[in-house]
Amino acid sequence: MNASNSLGNPTSWKRWGGAILSAVMAVGMLSACGSGSGSSGDKITIFNSKSEIQSQMEDMAKQYSKEKGVDVEVYMSADPVTTHLSTKYASNDPYTISMVDAKDVYTLAKDHAIDLSDQPWVKDTKYALSIDGKTYGFPVCVEARGLIYNADAIKKVTGKDFNPDDYKTLDEFKSLIQELKDGGMKSPTGVMKEDWSLAAHFLPQVYEEQKDPEAFIKDLQAGKVDLTSDAKFNALMDTFDVLKKNNYAAGSAISAEREVTEQNLAEGKIAFMFGGNWDWSVLNQYDYSKNMGIMPVPQNTDDGSNDKLVGGGSKFFFIDSSKNTSDKQRKEAKAFLTWLADSKEGQTFITKDASLVPAFTNNTQPVADPLGVSVKKYADADKLIPNFNFLPDDHYTKLGADFQKYLANQEDRGQFAKAIETYWKTAKLSGSGE
974 MNASNSLGNP
984 TSWKRWGGAI
994 LSAVMAVGML
1004 SACGSGSGSS
1014 GDKITIFNSK
1024 SEIQSQMEDM
1034 AKQYSKEKGV
1044 DVEVYMSADP
1054 VTTHLSTKYA
1064 SNDPYTISMV
1074 DAKDVYTLAK
1084 DHAIDLSDQP
1094 WVKDTKYALS
1104 IDGKTYGFPV
1114 CVEARGLIYN
1124 ADAIKKVTGK
1134 DFNPDDYKTL
1144 DEFKSLIQEL
1154 KDGGMKSPTG
1164 VMKEDWSLAA
1174 HFLPQVYEEQ
1184 KDPEAFIKDL
1194 QAGKVDLTSD
1204 AKFNALMDTF
1214 DVLKKNNYAA
1224 GSAISAEREV
1234 TEQNLAEGKI
1244 AFMFGGNWDW
1254 SVLNQYDYSK
1264 NMGIMPVPQN
1274 TDDGSNDKLV
1284 GGGSKFFFID
1294 SSKNTSDKQR
1304 KEAKAFLTWL
1314 ADSKEGQTFI
1324 TKDASLVPAF
1334 TNNTQPVADP
1344 LGVSVKKYAD
1354 ADKLIPNFNF
1364 LPDDHYTKLG
1374 ADFQKYLANQ
1384 EDRGQFAKAI
1394 ETYWKTAKLS
1404 GSGE
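Residue numbers (this note's numbering): 974 to 1407.
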């Protein structure tokens, strides 16, 4: 889920694609959904790593093939992206176009992607990923994180229209929580217990909202940071404590299922949940309120972070550079990306069919869902704090386990801070060479 190129273009980063590839080349051949996924012949193949839009991608490919006379096929895999793609490379069977996360572009692009710097769509986005001055990653969409709210549920209790701008500080937010409780909403918040939500989405904001995230993480690696005295860590954890205290599943927080939490939010049984615009794919499965949105995480801070979401470009296409893909296929792949960015049909696919937030300024098609509308508003206003794209692969599993202990009141803040500090002393950044 995500990166604006104030972090997306760090030419100082070293790539270590060869190392990670050699580490996973020994994995046996893994097949994508279907057969014949290679780039041989005249067809172009697309690897999709965003599972919630697979059916839409397949429908789009069929229509594109029919109208353009180009055979386009879309594939998925349940395996980790780098592992799956590395296996495809090892078998000389790469996809023509691959959709990956930002860190995968940094890991794989130099060895496996063509330079797209001369493509017409580059001028219309600030989210394309570049390495050493060459553009390799086509941004599929924009995603962002924050506090998801149900405005109808809030108004039903308070009798007032909800304006998220009125609750930027934690003190203001706490007063609203109390008002909701006094009005009969016993537990106004929900907390997702999943390790990826806790340690891939919430915790990283401690790094991302620092003045210099790269320097902060280097200090963590060097053992120079005392998180218990870090203003940003404490500001975010203070907010998390309010969410935890008022969690509808407070008595069994670690057992709460994501679907139940999201259903409660969609149906207005709770008013707030930390998440991102990708959560709409779950929320819309229920009897949802249309008056929902995403707001910045409220914090008692004066650094401006409580006026912004965290996010940016999310998921990136790159085109294969190997001899197993023909120049004709690369030409067709470039044409497909240009169609996706510049044509009305491609733009509508992004915003309407796939319900994504466009990463291109020339795409003015209306965004389909209320969370996406919120994200686009902040993106258009240049109010997105960039994602940090280089977290170690085990960051969310290892620290997610500690964060779950904190959620379950099995660790206090000091113990959680110590676990984070200990982790970083040996952790290596992904895709950075460090």
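A virtual CB, placed ideally from N, CA and C, is assigned to each residue, including glycine. Since this is a predicted model, take the numbers as computed values, not measurements.
For residue i, which of helix, strand or coil comes out of DSSP?
i, result
"Asp1260", "coil"
"Met1030", "helix"
"Thr1018", "strand"
"Leu1265", "Looking at the sequence itself, residue 1265 is Met, so the reference to Leu does not match. Strand at Met1265."
"Leu1329", "coil"
"Pro1271", "coil"
"Ile1393", "helix"
"Ala1172", "helix"
"Ala1195", "coil"
"Tyr1100", "coil"
"Pro1112", "strand"
"Ile1087", "coil"
"Glu1040", "helix"
"Phe1363", "coil"
"Glu1046", "strand"
"Val1000", "Caution is warranted here: a pLDDT of 32 is assigned to Val1000, below 50, making its placement in the model unreliable, and the coordinate value is therefore given only provisionally. Three-state result, Val1000: coil."
"Phe1189", "helix"
"Lys1398", "coil"
"Ser1202", "helix"
"Phe1245", "strand"
"Met1072", "strand"
"Lys1457", "Nothing in the structure corresponds to residue 1457, since the chain is present only between 974 and 1407."
"Val1346", "helix"
"Tyr1122", "strand"
"Phe1135", "coil"
Taking all protein chains shown into account, do 16 or more other C-beta atoms lie within 10 angstroms of the C-beta of residue i, making it buried, or fewer, making it exposed?
i, result
"Asn1136", "exposed"
"Trp1094", "buried"
"Gly1042", "exposed"
"Trp1169", "exposed"
"Gln1258", "exposed"
"Ser1316", "exposed"
"Ser995", "Only weak support exists for where Ser995 lies, its pLDDT of 36 falling under 50; the value from the coordinates is given anyway. Ser995 is exposed by the Cβ-count criterion."
"Ala1314", "buried"
"Pro1339", "exposed"
"Ser1090", "exposed"
"Lys1307", "buried"
"Ser1117", "Per the sequence presented here, residue 1117 reads as Ala, with Ser not at that position. By the neighbour-count rule (16 or more Cβ atoms within 10 Å), Ala1117 is buried."
"Gly1373", "buried"
"Asp1252", "buried"
"Ser1008", "Annotation note: pLDDT 38 at Ser1008 (below 50); position unreliable, coordinate value reported separately. Exposed is the call here."
"Gln1302", "buried"
Alpha carbons only, please: which of the options is nearest the one belonging to residue i?
i, options, result
"Asp1032", "Ile1323, Asn1250 and Asp1192", "Ile1323"
"Tyr1140", "Asp1280, Asp1375 and Ile1358", "Asp1280"
"His1085", "Tyr1100, Tyr1109, Asp1105 and Ser1064", "Tyr1109"
"Val1078", "Leu1058, Ser1064 and Phe1376", "Leu1058"
"Asn1065", "Ser1294, Gly1163 and Asp1125", "Ser1294"
"Thr1334", "Glu1046, Thr1060 and Ala1101", "Ala1101"
"Asp1138", "Ile1393, Glu1305 and Gln1272", "Gln1272"
"Ala1400", "Lys1023, Gln1194, Asp1088 and Asp1097", "Gln1194"
"Val1346", "Thr1131, Gly1156, Leu1282 and Gly1373", "Leu1282"
"Trp1397", "Phe1146, Asp1385, Gly1196 and Gln1092", "Gly1196"
"Ala1354", "Ser1103, Glu1384, Gly1285 and Trp1253", "Gly1285"
"Lys1166", "Val1113, Lys1061, Glu1232 and Tyr1261", "Glu1232"
"Val1330", "Pro1112, Val1164, Thr1395 and Lys1391", "Pro1112"
"Ser1262", "Gly1387, Lys1035, Ile1017 and Glu1240", "Glu1240"
"Tyr1068", "Lys1096, Phe1213, Thr1018 and Thr1131", "Thr1018"
"Thr1142", "Val1047, Phe1020 and Val1215", "Val1215"
Considering only residues of the same chain and omitting the five flanking positions on each side of residue i, which have a CB-CB separation below 7 Å?
i, result
"Ile1026", "Ala1327"
"Ala951", "Residue 951 lies beyond the range of the chain shown here (974 to 1407); nothing can be said about it."
"Lys1107", "Asp1088 and Ser1090"
What residues in its chain sit with their C-beta under 8 Å from that of residue i, if we drop five residues either side in the sequence?
i, result
"Ala1223", "Ser1160 and Lys1217"
"Asp1134", "Ala1124 and Lys1128"
"Phe1376", "Asp1168, Leu1171, Ala1172, Phe1175, Leu1176 and Phe1389"
"Leu1380", "Val1164, Lys1166, Leu1171, Lys1217, Ala1226 and Ile1227"
"Glu1182", "Lys1205, Leu1209, Asp1276, Ser1278, Val1283 and Ile1358"
Tell me which residues share the same chain as residue i and place their Cβ nearer than 6 Å to its Cβ, disregarding the 5 neighbours each side in the sequence.
i, result
"Ala1352", "Val1115"
"Met1265", "Asn1123 and Pro1343"
"Trp1312", "Gly1319"
"Tyr1037", "Val1045"
"Leu1120", "Phe1245, Phe1247, Met1268 and Val1270"
"Gln1029", "Asp1326 and Ala1327"
"Val1047", "Ile1019, Asn1021, Met1030, Glu1031 and Ala1034"
Is residue i near the ligand ZN - that is, is its Cβ less than 7 Å away from at least one heavy atom of it?
i, result
"Ser1050", "Looking for the ligand ZN in the displayed structure turns up nothing, as the structure carries no ligands at all."
Practice task
Could you tell me whether the segment 1169-1180 touches the segment 1145-1152, where touching means 3 or more Cβ pairs closer than 8 Å?
Solution key: Contact fails: fewer than three Cβ-Cβ distances are below 8 Å.
Problem - Three-pair Cβ contact test at 8 Å for the segment 1215-1224 versus the segment 1183-1201 - result: Three or more beta-carbon pairs separated by less than 8 Å are not found between the segment 1215-1224 and the segment 1183-1201, which leaves the two stretches without contact.
Handout entry: Three-pair Cβ contact test at 8 Å for the segment 1369-1389 versus the segment 1289-1307
Key = Because the criterion of three Cβ pairs below 8 Å is not met, the segment 1369-1389 and the segment 1289-1307 do not touch.
Practice task
Count the C-beta pairs between the segment 1350-1365 and the segment 1062-1076 that are closer than 8 Å, then say yes if the count reaches three, no if not.
Solution key: With the cut-off at 8 Å, the segment 1350-1365 and the segment 1062-1076 touch.
Exercise for the section: Pair every Cβ in the segment 1198-1211 with every Cβ in the segment 1296-1308, then say whether three or more of these pairs are closer than 8 Å. Expected result: Too few Cβ pairs lie closer than 8 Å, so no.
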